[in-house]
Each structure stands twice: as C-alpha cells, then as structure tokens.
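What follows is a short report on a single structure.
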Amino acid sequence: MGRRVKPAPIGVYDSGFGGLTVLRELSRALPRAEFVYLGDAGRAPYGGRDADVILSLAEQCVERLFSEGCRVVVVACHTVSSVALRHLQARYTGPGQERAVLGVTIPAAELAVDHVSTRGGRIAFIATARTVASGTFTTECHKLAPVAVVERAAPLLAPIVEEGWETSDVARLAVRRYLDGLDAQVVVLGCTHFPLLREAFEAATDCPVLDPAPFVAARLVDWLTRHPDFTVAEGEPRFLSTGDPDAFATHGSRFLGAPVTTVQHVAETAGRLEPAARVVPRGQVVRA
Ligand code: DGL
45 MGRRVKPAPI GVYDSGFGGL TVLRELSRAL PRAEFVYLGD AGRAPYGGRD ADVILSLAEQ
105 CVERLFSEGC RVVVVACHTV SSVALRHLQA RYTGPGQERA VLGVTIPAAE LAVDHVSTRG
165 GRIAFIATAR TVASGTFTTE CHKLAPVAVV ERAAPLLAPI VEEGWETSDV ARLAVRRYLD
225 GLDAQVVVLG CTHFPLLREA FEAATDCPVL DPAPFVAARL VDWLTRHPDF TVAEGEPRFL
285 STGDPDAFAT HGSRFLGAPV TTVQHVAETA GRLEPAARVV PRGQVVRA
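With our numbering applied, the sequence shown covers 45 to 332.
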C-alpha cells in the first residue's frame, strides 16, 4: 500500500492559450479538482522553436508548477509533449519523487489507432512544424499497431486562432490548403489551438476530425485511479501567464469556453522565470 501524500492541485502547462482547450475537458472530467494552468504566452509560439529551447522553457514551466504545489503536471501542448516529455519525466519523476509529468501525444496516438483499427484507413495528424519534425506521434502509433500515418505541419493555424479569426474565410482557406491532397480517413487535431478551428476542418474534409482532449482527460482520470497516492485537491482553477495577464483573461475565455478569472503574471528575467509574482513596469525602463 502506497503512502498517501497531501492533496495537491493538478498542473496544466501549455505554450500559451491553446492548452485551455485541454483544461476545459480536464475540468469536465474532474469537476471538483483544483487546476493550476500555466500558459507561457509571453514566450510563445513554441511551434517553430529548436528542441533545445523547448526543453529549457518546459523545464522552467514545469518547475514553476511544482513550486505552486502541483505534483502531477499535464503537458497539454503537443509541441512540448512530442519533443520534451521524456526529458521532463527523466528529470523530475521516478521512484521516490512523488511527482508525475503526463503528456498528450500517447493519448492522441491511442485514440487515432483505435479509430483506424476498427474502420481501417490512414491517419492524418496536423500539428506545428516542431511537432511534425519530431515524428513522435507516428512513433507512438507504431508502438500500438502497424498503421499508416501522415503528419503535416500547419504553422499558420495557431496564429490565426490567436488573432481571433477562427471563423473567418482566412481560417477556412488556410485549413483547406493544409488538408489538400491528404489521402487519409481520419484527421487528428495535433495542436491545442485547433479545436477552435473544428468548423473549418469539418468544412475541408469528409473524414471524422478527432480532438484528443476529451480522451486525454479520460486517460488522466484512469491514471489517477491507478495512482491513489496522488490525491487531488479541490478548488477553483488558478491561471498563470508569462504574457500580459489582462490579454490572457480576455482571450483565454474563447479557449476555455468559460471566464478566465484572475490571472497571475509570471515574469521572466534574463531568460528565467521569476519564482514569485513581480510587477512588470510598462513604458521605458532604466536599469539601476
Ligand atoms: N500549443 C501548441 C501545441 O499544441 C501550439 C502553439 C505554439 O506554437 O506555441 O502544439
């Protein structure tokens, strides 16, 4: 029998706003759980960054969530999950650590493989350039079954969503262009911004369009059941952002589907996150 530890909030980490679409599903699955969401909006987008940079940003954000009292951190971002999850797990988790870092790539692969193993056909995975360059989604699918997978980078889509243009002609044209010529029977949304583009995706393809987020939530519930030592605290969600907190509250609600209240700003100094809240001056700054 494992030793029970104090109830802790669940950390959710994303490069910015997108992970709020995952938090929406996590909150549905665990309505009483306290979540601490950290969006690295001030340093996003991650999708075109080098792997080494993503590892370093991810370490800082995960450490920040641990310092907020979280013991389980869900890396909601596909880019971070596909590049840095193994590194984060090796660094922060393991026997005696009482910490866990979970990702979204394996649940996405499980969902997609399950879909084609009953119906047949090829999986199309649409994601950021870095996610696609990692090839991690295909690797995870092939651990499950010898399925056909095509990954396609769609770097314009997350910025279109950030701009609030997800229902515009621009969005529909861009999605259609990215799906053009894809010979696939199911499309997997491999970026946390893309659920906001579901209409544009469904207009551009006759294939089913899968958002892994509800399955990520189901897998978390299952994981918590199998790991009773990780007792979850109850409470309202808390939001932290490295970007402008007001902008995070305003735009975040589009992604969460609910008001994003009281956002705490996490400041960065010389490339590192500050451990506590600090007021970032506006306008010109003269360093003493
Ligand atoms: N949230 C990221 C993902 O799911 C995409 C946005 C970015 O490029 O930072 O891959």
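By construction, the Cβ of each residue, glycine as well, lies at the ideal position given by its N, Cα and C atoms.
This structure is a prediction, so every number in the text was calculated from the model and none was measured.
In the DSSP assignment, what residue or residues form a beta bridge with residue i?
i	result
residue 282	80
residue 58	83
residue 308	284
residue 196	170
residue 253	231
residue 317	312
residue 146	118
residue 276	52
Using the beta-carbon count (16 or more within 10 Å), is residue i buried or exposed?
i	result
residue 49	exposed
residue 212	exposed
residue 314	exposed
residue 125	buried
residue 161	exposed
residue 331	exposed
residue 88	buried
residue 193	buried
residue 271	exposed
residue 75	exposed
residue 303	exposed
residue 91	buried
residue 252	exposed
residue 327	exposed
residue 108	buried
residue 63	buried
residue 247	exposed
residue 130	exposed
residue 230	buried
residue 278	exposed
residue 45	Bear in mind that a pLDDT of 46 at residue 45, under 50, signals an unreliable position, so the number given afterwards is only what the model happens to contain. Residue 45 is exposed by the Cβ-count criterion.
residue 117	buried
residue 210	buried
residue 205	buried
residue 157	buried
residue 225	exposed
residue 329	exposed
residue 208	exposed
Residue i and residue j look like a contact to me (Cβ under 8 Å); what is the Cβ gap, rounded to whole Å?
i	j	result
residue 111	residue 319	6 Å
residue 153	residue 57	The pair is not a contact, with the Cβ atoms about 20 Å apart (cut-off 8 Å).
residue 232	residue 128	That pair is no contact at about 20 Å.
residue 234	residue 189	At roughly 18 Å, the Cβ-Cβ gap does not stay under 8 Å, so residue 234 and residue 189 are not in contact.
residue 219	residue 245	6 Å
residue 165	residue 228	7 Å
residue 135	residue 115	The Cβ separation is near 15 Å, so there is no contact.
residue 106	residue 132	6 Å
residue 261	residue 241	About 20 Å separates the two Cβ atoms, so there is no contact after all.
residue 174	residue 93	6 Å
residue 77	residue 54	6 Å
residue 151	residue 263	5 Å
residue 200	residue 238	Wrong, their Cβ atoms sit about 12 Å apart, outside the cutoff.
residue 51	residue 191	About 39 Å; that fails the 8 Å criterion.
residue 334	residue 122	Absent from the structure is residue 334, since the part of the chain shown begins at 45 and ends at 332.
Is there a Cβ of chain D sitting closer than 7 Å to that of residue i, yes or no?
i	result
residue 108	In the structure shown, chain D cannot be found, because there is only a single protein chain.
Is any non-hydrogen atom of ligand 3 found closer than 6 Å to the C-beta of residue i, if you look at the structure I gave you?
i	result
residue 121	Of the ligands one can find in the structure shown, namely ligand 1, none is ligand 3.
(request) Spell out a yes or no on whether the segment 55 to 72 and the segment 247 to 266 are touching, meaning 3 or more CB-CB pairs, one atom from each, closer than 8 Å. (result) A contact between stretches requires three or more CB pairs, one per stretch, nearer than 8 Å, and the segment 55 to 72 meets this requirement with the segment 247 to 266.
(message) Contact between the segment 289 to 298 and the segment 178 to 192 is defined here as three or more beta-carbon pairs at a separation below 8 Å; is this criterion met?
(response) Touching, no.
(message) Within 8 Å, do at least three Cβ pairs link the segment 78 to 94 to the segment 137 to 144?
(response) Counting C-beta pairs closer than 8 Å gives fewer than three between the segment 137 to 144 and the segment 78 to 94, which falls short of the contact rule.
(message) I want to know whether the segment 266 to 286 touches the segment 301 to 317 - three or more CB-CB distances under 8 Å.
(response) Output reads yes: the segment 301 to 317 touches the segment 266 to 286.
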